[in-house]
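Reviewing the structure listed below.
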Amino acid sequence: AQSVSQHNHHVILSEAASLELGCNYSYGGTVNLFWYVQYPGQHLQLLLKYFSGDPLVKGIKGFEAEFIKSKFSFNLRKPSVQWSDTAEYFCAVNANNAGNMLTFGGGTRLMVKP
Amino acid sequence: DAGITQSPRHKVTETGTPVTLRCHQTENHRYMYWYRQDPGHGLRLIHYSYGVKDTDKGEVSDGYSVSRSKTEDFLLTLESATSSQTSVYFCAITRGADQPQHFGDGTRLSIL
Numbered sequence: 525a526q527s528v529s530q531h532n533h534h535v536i537l538s539e540a541a542s543l544e545l546g547c548n549y550s551y552g553g554t555v556n557l558f559w560y561v562q563y564p565g566q567h568l569q570l571l572l573k574y575f576s577g578d579p580l581v582k583g584i585k586g587f588e589a590e591f592i593k594s595k596f597s598f599n600l601r602k603p604s605v606q607w608s609d610t611a612e613y614f615c616a617v618n619a620n621n622a623g624n625m626l627t628f629g630g631g632t633r634l635m636v637k638p
Numbered sequence: 762d763a764g765i766t767q768s769p770r771h772k773v774t775e776t777g778t779p780v781t782l783r784c785h786q787t788e789n790h791r792y793m794y795w796y797r798q799d800p801g802h803g804l805r806l807i808h809y810s811y812g813v814k815d816t817d818k819g820e821v822s823d824g825y826s827v828s829r830s831k832t833e834d835f836l837l838t839l840e841s842a843t844s845s846q847t848s849v850y851f852c853a854i855t856r857g858a859d860q861p862q863h864f865g866d867g868t869r870l871s872i873l
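This is the structure in structure tokens:
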């Protein structure tokens, strides 16, 4: 079965700092990759997705992620975080042999200090 | 936002009672999912549906059943609730595997 690991459970940054959140998955075949964000008290919202093509994917709110197939990684980055980026971030993977099912990582809780 | 409504939004009940959560969509999407969210575990798939009366188990299906009699409604039932089922439950929908899933606002369920 596929699995998704997010190694950073809690991250605290000051405003304007750069952000990189790690995501690694275990499946060796073709995958679709996603990052979702959950602001306090809200539902999950899609930040960005990768299906194929350019491995550097740009999403909303200045976020981007890079798919590195050889490392089974899909790390999320943002050059300069804002206080409003305080949220929990989830990486998710859909393997091509898993139908439409997503496997989520455990989440990374980001706190940005003003 | 995608047209997904979960009801109830909050519920407190006692161990051993039956509980049904409802997910209603207005998008006419084929696929619907129920997840539970627990600290440190992210979201884990309970059951999903790929069409009316077509459902299958997810990663953590024990103690849960589902039904989908109409495209727009996907019901999750806890036949006899246990304290381990205290969680936040999210419904999601999608048109297909090449599309992202869209999530409802969640149901916070507490079982005492």
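Protein sequence lines correspond, in order, to chains A and B.
Position one of the first sequence corresponds to residue 525 (our numbering), numbered consecutively onward.
Position one of the second sequence corresponds to residue 762 (our numbering), numbered consecutively onward.
Just so you know, even glycine gets a beta-carbon here, dropped at the ideal spot from N, CA and C.
All of these numbers come straight from a predicted model, not from anything done at the bench.
- When you compare each of A:Lys573, A:Asn548, A:Ser604 to Pro638 of chain A by their alpha carbons, which one comes out closest? A:Ser604
- Message: So with CB distances below 8 Å, who are the chain B contacts of Lys585 of chain A?
- Response: Those do not exist, as Lys585 of chain A stays about 16 Å from chain B at its closest Cβ, beyond 8 Å.
- What does Lys573 of chain A touch in chain B if you count any residue whose Cβ is under 8 Å from its own? Pro861
- Item | Ranges of the beta strand (DSSP E) found wholly within the stretch 590-617 of chain A, counting only runs of at least 3 | 597-602
- Would a C-beta distance cut-off of 7 Å place Phe598 of chain A and Cys547 of chain A closer than the cut-off? yes
- Message: Please report whether the beta-carbon of His802 of chain B lies at a distance below 7 Å from any beta-carbon of chain C.
- Response: Here the protein chains are A and B, and chain C is not one of them.
- Beta-carbon proximity of Ser844 of chain B to Arg829 of chain B, cut-off 7 Å: no
- Taking Tyr809 of chain B as part of the beta strand (DSSP E), name the residues at either end of that continuous run. 803-812
- Task: May I ask you to list, following chain order, the residues of the stretch 614-636 of chain A that have a beta carbon less than 7 Å from some beta carbon of chain B?
- Result: Phe614, Asn618, Gly623, Asn624, Met625, Leu626, Phe628, Gly629, Gly630, Gly631
- In chain A, which residues lie with their C-beta within 9 Å of the C-beta of Leu806 of chain B? Met625, Leu626, Thr627, Phe628
- Query: Helix, strand or coil: which one does DSSP assign to Ser527 of chain A?
  - Reply: coil
- Query: Less than 7 Å separating the beta-carbons of Ala589 of chain A and Leu570 of chain A?
  - Reply: no
- If the cut is a Cβ gap below 8 Å, which residues of chain B does His639 of chain A touch? Within the shown structure, residues of chain A are numbered from 525 to 638, placing residue 639 of chain A beyond reach of any answer.
- Could you name the residues of the same chain whose beta carbon sits closer than 7 Å to that of Lys818 of chain B, not counting the 5 residues immediately before and after it, in chain order? His808
- Task: Leaving out five residues on either side along the sequence, give the residues of the same chain with a beta carbon under 8 Å from the beta carbon of Glu775 of chain B.
- Result: Ala842, Ile872, Leu873
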